[in-house]
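Inspection log for the structure reproduced underneath, given as structure tokens.
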Amino acid sequence: MCDCEFASSMNSSMPCIVPYDISELECETLMALFLETALYVQNVRIEMVTNRGKQGGQEMHPATTLGLTVYKPTIRFASWLDREQRIDAIAHELLHILLVYRYGLRMIDRRSHHFGSSQDIFDYFLNLSKHWKYFLEQTVNTIHHQILVDYLKEEYRIVSNLQLTLFRHNFRIVLKSYYPDKESQYAKGLIAFEHKKLVGRIENVINPNQQPEFFWMAYCSAQKHFGGYGFHAIPPSLTYEESVFSFLEDLGYKRRDFRFVPVKSSESSICPREV
Ligand SMILES: [Zn+2]
11 MCDCEFASSM
21 NSSMPCIVPY
31 DISELECETL
41 MALFLETALY
51 VQNVRIEMVT
61 NRGKQGGQEM
71 HPATTLGLTV
81 YKPTIRFASW
91 LDREQRIDAI
101 AHELLHILLV
111 YRYGLRMIDR
121 RSHHFGSSQD
131 IFDYFLNLSK
141 HWKYFLEQTV
151 NTIHHQILVD
161 YLKEEYRIVS
171 NLQLTLFRHN
181 FRIVLKSYYP
191 DKESQYAKGL
201 IAFEHKKLVG
211 RIENVINPNQ
221 QPEFFWMAYC
231 SAQKHFGGYG
241 FHAIPPSLTY
251 EESVFSFLED
261 LGYKRRDFRF
271 VPVKSSESSI
281 CPREV
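Below is the structure:
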């Protein structure tokens with residue numbers, strides 16, 4: 011999404027991007043989902059990227075959504091997906107869009123900082139180059155995915171085979187990686203929590219005793235704040251936002267440093283709360 015679960019490995023050289031008409035897929039349920047999504051945000055675009063094949067040995071993200079935070083969502087998917095996979099991937103992205111615009115489960119971003127002290131400035135710029143984007147996107151993806159797999163299956167009879175296959179593949183890649191910064195380890199803990207909810211026991215794929223403290227902090231906090239979410243338990247927007255803030259606070263962050271996007275017009279002039 012979102013620059014989602016499926017996100018960013020579509021950035022190879024010279025992509026050929028063409029508009030795509032999903033009626034070509036002749037899937038009534040996908041069209042119904044598209045039309046439902048269009049009730050909540052206008053001009054959802056679908057585009058096909060035709061530049062590359064599958065990549066081995068790295069995370070695979072053959073579909074993503076751009077512009078989700080600025081009311082201009084554009085879904086892009088890789089042309090090597092077959093028909094069933096295209097339906098699966100586009101439906102997945104549409105559900106992310108629906109969760110943001112219909113249910114108010116928005117993305118979270120770092121707030122432009124109002125500096126209080128030289129230490130604040132130092133901390134802010136020290137952290138800028140770390141893996142913040144990946145961590146914050148993963149936070150929302152993990153929450154959305156608790157809901158959207160069953161949502162697609164029960165409402166639209168679309169089974170997320172592609173997403174679950176990619177998730178298993180990408181989790182194995184993530185487990186092999188190591189970055190010393192907290193945000194990367196928090197993201198890994200989130201993905202492990204998602205694995206437990208969507209696939210099953212993590213003990214089958216990792217050694218719990220070898221995971222660092224930050225991994226378990228994120229895993230346990232995600233279980234505490236997001237563990238009850240699902241298709242039949244979609245949280246109200248404010249409850250969701252409070253749970254995300256609480257999750258971040260458990261990890262040592264201040265809620266005033268974050269904001270949800272897209273920004274509502276009523277929020278645009280609000281100063282961050284001091285907490
Ligand atoms: Zn996703």
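Here my numbering is used: the first residue of the sequence shown is 11, the next is one more, and so on. The beta-carbon is built from N, C-alpha and C at its ideal position, and this holds for glycine as well.
query	result
Please determine whether the Cβ atom of leucine 158 lies at a distance below 8 Å from any heavy atom of ligand 1.	yes
Name the two residues that bound the continuous alpha helix (DSSP H) containing methionine 270.	Note on identity: in this sequence residue 270 is phenylalanine, with methionine being the wrong assignment. No alpha helix (DSSP H) contains phenylalanine 270, which is instead part of the beta strand (DSSP E) from 268–271.
With a threshold of 7 Å on Cβ separation, who are the neighbours of glutamate 164 within its own chain once the five nearest residues in sequence on each side are excluded?	Phe241
Can you grab the Cα-Cα spacing for the pair isoleucine 201 / isoleucine 27, in whole Å?	30 Å
Whether or not the stretch 141–158 and the stretch 87–97 are in contact is what I'm after, with contact meaning three or more pairs of Cβ atoms, one per stretch, closer than 8 Å; do they touch?	no
Using a threshold of 9 Å, state whether the C-beta atoms of valine 169 and isoleucine 107 are closer than that.	no
Starting from the Cα of asparagine 180, find the closest Cα among Ala197, Phe268, Leu162 and Lys192 and give me that residue.	Ala197
Which whole runs of the alpha helix (DSSP H) in the stretch 65–113 are 4 residues long or more, in chain order?	93–111
For glutamate 103, is the beta carbon positioned less than 8 Å from some heavy atom of ligand 1?	yes
In whole angstroms, what separates the C-alpha of glutamate 213 from that of histidine 205?	10 Å
Kindly indicate which three-state DSSP category glutamate 57 falls into: helix, strand or coil?	strand
Express the C-alpha separation of phenylalanine 257 and serine 231 in angstroms, rounding to a whole number.	6 Å
Between the stretch 139–149 and the stretch 33–46, are three or more C-beta pairs nearer than 8 Å?	no
Out of Leu176, Thr152 and Tyr263, which has the shortest C-alpha to C-alpha gap to glutamate 69?	Leu176
Check for me: the alpha helix (DSSP H) holding isoleucine 153 runs from which residue to which?	142–166
In the DSSP output, which residue or residues are listed as bridge partners for glycine 240?	Ala243
Measure the Cβ-Cβ separation of phenylalanine 87 and threonine 152 and say whether it is below 9 Å.	no
Valine 184 lies in the alpha helix (DSSP H); which residues open and close that run?	171–186
Is histidine 154 near ligand 1, with its Cβ less than 8 Å from a heavy atom?	yes
Can you give me the start and stop residues for the alpha helix (DSSP H) that isoleucine 201 sits inside?	192–208
Using the C-alpha atoms, what's the distance from glutamate 147 back to phenylalanine 16?	Legend: pLDDT at phenylalanine 16 = 43, less than 50; position of this residue unreliable, value from coordinates given subsequently. Taking the straight line from one Cα to the other gives about 11 Å.
With a cut-off of 8 Å on the beta carbons, I'd call serine 247 and leucine 78 a contact; round off their distance for me.	Wrong, their Cβ atoms sit about 16 Å apart, outside the cutoff.
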